[in-house]
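The sequence shown begins at 0 in numbering that gives the first Met the number 0 and counts up by one.
Every residue, glycine too, gets a C-beta built ideally from N, C-alpha and C.
Being a predicted model, the structure only gives us computed values, none of them experimental.
Take a look at the structure set out below.
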Amino acid sequence: MECAVCGSPVHQYEQITTNHETTDYYFCSDEHKEEFESLSGEFTK
Ligand SMILES: [Zn+2]
C-alpha cells in the first residue's frame, strides 16, 4: 500500500490508517494523516 498523500510505500508494521466513508487510507506518517484529514474534502466527491 502507499501513502494517500505522497505515494510513498507504507510498511505494514507501522501502518497509520484512517477510515473515510468506508474506505481505508494509509499514510507514511502522522503528519500526512493529519494533512489528508484536513484536505479530505478535496479527496472525495
Ligand atoms: Zn506520505
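Just how far apart, CA to CA, sit residue i and residue j?
| i | j | result |
| --- | --- | --- |
| ASN18 | PRO8 | 18 Å |
| GLU30 | ALA3 | 12 Å |
For residue i, which residues in the same chain have their Cβ closer than 7 Å to its Cβ, ignoring the five residues on either side in sequence?
| i | result |
| --- | --- |
| SER76 | Absent from the model: residue 76. The displayed extent of the chain is 0 to 44, so no value can be given. |
| CYS5 | CYS27 and HIS31 |
| ASP23 | THR16 |
| GLN11 | none |
Spatial neighbours of residue i within its chain, please: C-beta separation below 6 Å, excluding the five flanking residues on both sides.
| i | result |
| --- | --- |
| CYS27 | CYS2, SER7 and VAL9 |
| GLU34 | VAL4 |
Below 8 Å CB to CB, which residues in the same chain sit around residue i once its five sequence neighbours on both sides are set aside?
| i | result |
| --- | --- |
| TYR25 | MET0, GLU1, CYS2, ALA3, VAL9, GLN14, ILE15 and THR16 |
For ligand 1, any of its heavy atoms closer than 8 Å to the Cβ of residue i?
| i | result |
| --- | --- |
| HIS31 | yes |
| SER39 | no |
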